[in-house]
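Before any comments, here is the structure.
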Amino acid sequence: MATSLKNLSLYNPNDVPGARQMKFGIVVAEWNPDITFALRDAAINTLLRQGASRNNIVVKHVPGSFELTLGAKWMAETQEFDAVICLGCVIQGETRHFDFICQSVTQGITKLNLDYSIPVVFGVLTTNSVEQAKDRAGGKHGNKGDEAAVTAIKMAALKKEFE
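Going by this note's numbering, the letters in the sequence shown line up with residues 609 to 771, in that order.
This is how it looks when you write it as structure tokens:
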């Protein structure tokens, strides 16, 4: 479903498992900080609302979205987290750089999910403009950070069902 048809921040808390016993890693790109830090804050607030302890939320920053996968890999390697959330923002520019970064980050996060068998959540905005990014970082389409946190909780709970 296109984001323009859905508010990223709207969810029924009763449809999301409690996160009281879960530990989360969040890797945040420092590039486009007005956007990525808003995603980070929303993700943290959603995790807290769903019962996660502030002590069980570890946030690390990396220079840009390309570095999210390595930061997430290092988190996954600790085996301390029930899920890792990757938050970044790549905005289309005049060159093909956008395509290369988006493809690399997408493939890298997919690979981490499979290699480490823990949820590594794709919370990366890939927009055509700064305005579109702002719309998805607390603007008219809600906040992708909320959605990423809900996804992390749901996937961590699903994994626990299989253990």
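Glycine included, C-beta positions come from ideal geometry on N, C-alpha and C.
Residue i (DSSP reduced to helix, strand or coil)
i, result
"ILE726", "coil"
"LYS748", "coil"
"LEU618", "coil"
"GLY672", "coil"
"PHE689", "coil"
"VAL713", "helix"
"ALA765", "helix"
Sequence-distant residues of the same chain with beta carbon closer than 7 Å to residue i, five excluded per side
i, result
"LYS631", "ASN664, GLU688, PHE689 and ASP690"
"ALA757", "ALA651, THR654, LEU655 and ILE693"
Closest Cα partner of residue i within the set the options
i, options, result
"ASN640", "GLU739, GLY750 and LEU766", "GLU739"
"SER661", "ALA651, ALA627 and THR686", "ALA627"
"ILE634", "SER712, ARG648 and LEU733", "ARG648"
Host alpha helix (DSSP H) of residue i (start-end)
i, result
"VAL845", "The structure shown does not extend to residue 845, since the chain is modelled only from 609 through 771, so no value can be given for it."
"ALA651", "641-657"
"ALA680", "676-686"
Same chain, Cβ closer than 6 Å to residue i, neighbours up to 5 away in sequence not counted
i, result
"THR735", "ILE699 and ALA741"
"GLY672", "ALA637 and TRP639"
Nonlocal neighbours in the same chain, by C-beta distance under 8 Å from residue i, ignoring five residues either side
i, result
"MET609", "Confidence at MET609 is low in this model, with a pLDDT of 48, below 50, so the placement of that residue should be treated as unreliable; the coordinate-derived value is given next. Here the set comprises nothing."
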